[in-house]
Amino acid sequence: KEKANELEKEQEQEQKKEKEQEQEKEQEQEQDQVKEKGFELVQEQEQDQDQEQEQEQKKEQEQEQKKEQEKEQEKEQEQELEKEYQQEKEQEKELDKEQEKEQEQEQEEELQKEFEQDSQSNSDSQSNSSSNTDSQQTESSSSFSSPPTPFTPSLAQTLQRAISAPPVSERKKYRRKKKKKEQEQEQEMNSDIEQDDVEQKERKRKRKHKEKKEKKVSIIQDIFISKIIFIIY
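Residue numbers 644 to 876, in this note's numbering, belong to the letters of the sequence shown in order.
In structure tokens form, the structure reads like this:
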């Protein structure tokens with residue numbers, strides 16, 4: 644009986660051990676399954692993060708491409724505006740040249756007419772004085788001492804301006820200084836234009852064009868005065 648009891652006890656212990664081993668195996672299997680599921684979840688999260696990063700990168704690339712396209716469009720618009728401005732500038736230059744030529748021709752014709760009238764009046768007075776008789780010599784001598792035939796108002800004004808004008812050398816110096824100053828102003832304006840936007844560019848271009856027109860008018864006046872001085876001397 645004792646041996647039988649011992650055998651039963653041993654069998655019971657073995658059965659307990661087997662059950663414990665089976666339970667341990669089941670727990671290990673469950674832990675392995677949990678680990679696998681956790682690993683899968685981590686992988687899914689990583690994949691989701693990778694996809695989100697890819698989408699963000701795509702969005703950033705698209706935004707950069709849009710910005711580049713906008714910059715290119717702005718450059719093209721600026722180039723078109725620059726072309727239009729250059730074309731207008733060339734047209735204005737041609738018109739200014741034609742106007743200058745016409746003004747010079749008109750001024751030369753006026754000067755020539757005034758000079759011819761003045762020389763004609765002087766020659767008429769000389770011929771009249773030489774045809775007088777000996778009895779009229781006293782009157783002719785007094786007429787010689789009297790002032791010559793008066794100038795026309797326009798000729799008198801032009802001669803007055805020519806006489807009061809500065810010498811040629813001083814005018815040349817003044818022109819050099821003025822030209823240098825205008826070049827410096829143009830450089831400053833060009834540097835400002837590069838930093839400003841399109842509207843400011845247009846405003847400054849118009850102002851610059853106006854200054855150039857004023858400069859041309861002053862040059863024409865200088866040419867006119869120098870021609871008068873040349874005719875007088």
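Backbone N, C-alpha and C define an ideal beta-carbon position, used for all residues, glycine too.
query	result
Rounded C-alpha distance that separates Pro791 from Phe867	Residue confidence is low: Pro791 scores 45 on pLDDT, short of 50, so the model does not pin down where it sits. Its coordinate-derived value is still stated next. Near 25 Å, if we compare the C-alpha coordinates of Phe867 and Pro791.
When Glu687, Glu845, Gln700, Phe682 are compared against Lys726, the one with the closest alpha-carbon	Glu845
Pairwise C-alpha distance: Glu753 and Lys858	23 Å
Alpha carbon of Glu851 to alpha carbon of Gln708, nearest angstrom	The displayed chain sequence assigns Lys, not Glu, to residue 851. Each residue's alpha carbon lies about 37 Å from the other.
Beta-carbon proximity check, Ile863 vs Gln746, cutoff 8 Å	yes
Beta-carbon separation (whole angstroms), Tyr728 vs Arg819, contact threshold 8 Å	Their Cβ separation, rounded to whole angstroms, is 29 Å, which puts Tyr728 and Arg819 out of contact at 8 Å.
Selected residue, minimal CA-CA separation from Lys855, among Glu842, Glu735, Gln730, Gln704	Glu735
Rounded separation between Gln742 and Glu749 - CA only	10 Å
Distance, Gln830 Cα to Lys824 Cα	10 Å
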